[in-house]
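Scroll down for the structure; my scribbles are underneath it.
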Amino acid sequence: MAQDNSAVAPCHAGTGAFVKPFLDAVRFENLRPGVLLGVGRFWPDLFDPALFTVNGIDHPETMSKAIAKRQAEFLAGRMMVQIAQRHLDVPTAQIRIGGRRGPVWPPGLCGSITHSSAKIACIVGTDPDALVGLDLEHVADDNAVRAIEKVALSGPEVALLRAQRCLDYATATTAIFSAKETLFKAINGRVGRHFGFDAAVLAAPPTPSAVVLGLAADLGPLFPAGRKFRIDLRRRSSYLLTWYYCAGNNDNPTAQGSGSVGRTCHSINVATDPNTAVS
1 MAQDNSAVAP
11 CHAGTGAFVK
21 PFLDAVRFEN
31 LRPGVLLGVG
41 RFWPDLFDPA
51 LFTVNGIDHP
61 ETMSKAIAKR
71 QAEFLAGRMM
81 VQIAQRHLDV
91 PTAQIRIGGR
101 RGPVWPPGLC
111 GSITHSSAKI
121 ACIVGTDPDA
131 LVGLDLEHVA
141 DDNAVRAIEK
151 VALSGPEVAL
161 LRAQRCLDYA
171 TATTAIFSAK
181 ETLFKAINGR
191 VGRHFGFDAA
201 VLAAPPTPSA
211 VVLGLAADLG
221 PLFPAGRKFR
231 IDLRRRSSYL
241 LTWYYCAGNN
251 DNPTAQGSGS
261 VGRTCHSINV
271 ATDPNTAVS
């Protein structure tokens with residue numbers, strides 16, 4: 001699928017000269033039929049509240065009171081989803097804010113939105129019952145690595161990451177943190193209650209393309225302790241992207257262990273080159 005740069009900022013008033021687009025470098029790829037993964041870049045300094053109207057995106061009152069940077073992040077995410085809806089040939093419905101501050105997907109759609117600094121990404125699909133999670137992180141520096149170790153990793157997980165040789169330690173640490181964020185986004189709505197980083201643990205050394213997490217806590221009939229999840233991983237420059245997608249008809253309450261990883265909720269095969277858009 002070709003690059004889509006159709007989301008542009010309005011021209012300077014009275015000059016007729018176009019400014020750099022607020023959202024650009026947008027690329028989408030097909031993860032499977034009816035499911036798109038998109039990554040783009042936005043420019044917070046080019047944010048203008050008028051862009052909500054220009055792009056036909058609701059500007060919630062609660063969001064209008066937020067700082068400009070937060071409004072820019074919100075707008076960029078909704079613009080990415082709007083582009084995905086166009087490519088999926090579905091109505092460009094509004095993505096509203098839910099009670100837990102997360103996006104509320106309209107009937108017939110599922111998805112996840114994430115951002116880090118000026119990077120923005122989304123997954124949008126046409127299976128409303130799918131489990132979907134997505135997270136984008138800047139590879140942690142030394143201070144951030146120590147913070148991740150403290151809040152998101154157990155002693156055995158730290159030891160496993162230090163012993164592995166597939167990824168450098170900062171990348172591996174960031175990948176596990178991001179994978180846990182992705183899993184939380186994917187299943188939190190079904191679990192129906194808050195759970196912490198310790199609810200999922202690293203089940204195997206990470207690879208450049210995947211992190212396998214296992215549930216250390218019983219989170220309900222669909223998510224018993226021991227169930228494993230293969231979280232896809234991609235690094236591009238100084239950023240990491242992790243995602244999980246499991247079709248609704250594969251959400252088997254009895255699936256545990258390798259069933260969730262390889263058979264029941266298998267990982268999506270995507271292009272290994274992040275510059276390649278799969279048609």
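Letter by letter, the sequence shown follows residues 1 to 279 of my numbering. Where a beta carbon is used, it is the ideal one built from N, C-alpha and C, also for glycine.
Between which two residues does the alpha helix (DSSP H) holding residue i run?
i           : result
residue 189 : 169-191
residue 142 : 142-152
residue 70  : 68-87
residue 124 : It is not in any alpha helix (DSSP H) - residue 124 instead sits in the beta strand (DSSP E) that spans 119-125.
residue 62  : 61-64
Report the option in the options whose CA atom is closest to the CA atom of residue i.
i           : options            : result
residue 71  : 242, 118, 122, 205 : 118
residue 44  : 65, 55, 21         : 21
residue 175 : 67, 94, 211, 104   : 211
residue 207 : 169, 106, 190      : 169
residue 25  : 76, 189, 143, 112  : 76
residue 189 : 227, 101, 120      : 101
Assuming residue i and residue j are in contact, meaning their beta carbons sit under 8 Å apart, how far apart are those beta carbons, in whole angstroms?
i           : j           : result
residue 217 : residue 199 : 4 Å
residue 173 : residue 145 : 5 Å
residue 135 : residue 110 : At roughly 16 Å, the Cβ-Cβ gap does not stay under 8 Å, so residue 135 and residue 110 are not in contact.
residue 182 : residue 243 : 6 Å
Can you have a look at residue i and say buried or exposed, based on whether 16 or more other CB atoms are within 10 angstroms of its CB?
i           : result
residue 178 : buried
residue 89  : exposed
residue 122 : buried
residue 94  : exposed
residue 67  : exposed
residue 246 : buried
Which stretch, first to last residue, makes up the beta strand (DSSP E) that contains residue i?
i           : result
residue 116 : 110-116
residue 242 : 239-246
residue 50  : Note, residue 50: premise wrong, no beta strand (DSSP E); alpha helix (DSSP H) at 50-54.
residue 133 : 131-138
residue 201 : 200-202
Based on the DSSP output, what are the partners of residue i in its beta bridges?
i           : result
residue 166 : Paired residues: none, contrary to the question.
residue 30  : 36
residue 229 : 213
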